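Novice:
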Amino acid sequence: GLAYVIGWTGGYVLLLVLLASQIRRFGKFTAPEFVGERYGSQGARVIAAMISIAISVIYCVAQFKGIA
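Numbered per my numbering, the sequence shown spans residues 302 to 369.
In structure tokens:
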């Protein structure tokens, strides 16, 4: 219940606090773009994108499970 909601919200706030200034400074719009630019690697960008997709899928599955 509440821990789940606070966990997601807290995660987004943490992401905002830790990455927003860095992403803005690099002139990027997404976390995978930032990771690729920061580490100078297309592979790192792909891995970051895959992780983002996996997290989104897991989140959607939990939402659909809650609907059922």
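Backbone N, C-alpha and C fix where the C-beta goes; we use that ideal spot for every residue, glycine too.
Given the structure is predicted, the values throughout are model-derived calculations rather than measurements.
Would you kindly work out how many angstroms separate the C-alpha atoms of SER342 and ILE354, rounded to a whole number?
Specialist: 19 Å
Novice: Identify, in the order they occur along the chain, each residue of the same chain with its Cβ nearer than 7 Å to the Cβ of GLU338, setting aside the five sequence neighbours on each side.
Specialist: PHE327 and LYS329
Novice: If I follow the unbroken alpha helix (DSSP H) through LYS366, where does it start and stop?
Specialist: 343-368
Novice: Of all the options ILE356, ALA345 and ALA369, which has the alpha carbon lying nearest to the alpha carbon of TYR313?
Specialist: ILE356
Novice: Once you ignore the five residues that flank ILE324 on each side, which residues in its own chain have a CB closer than 6 Å to its CB?
Specialist: Correct list, in chain order: PHE335.
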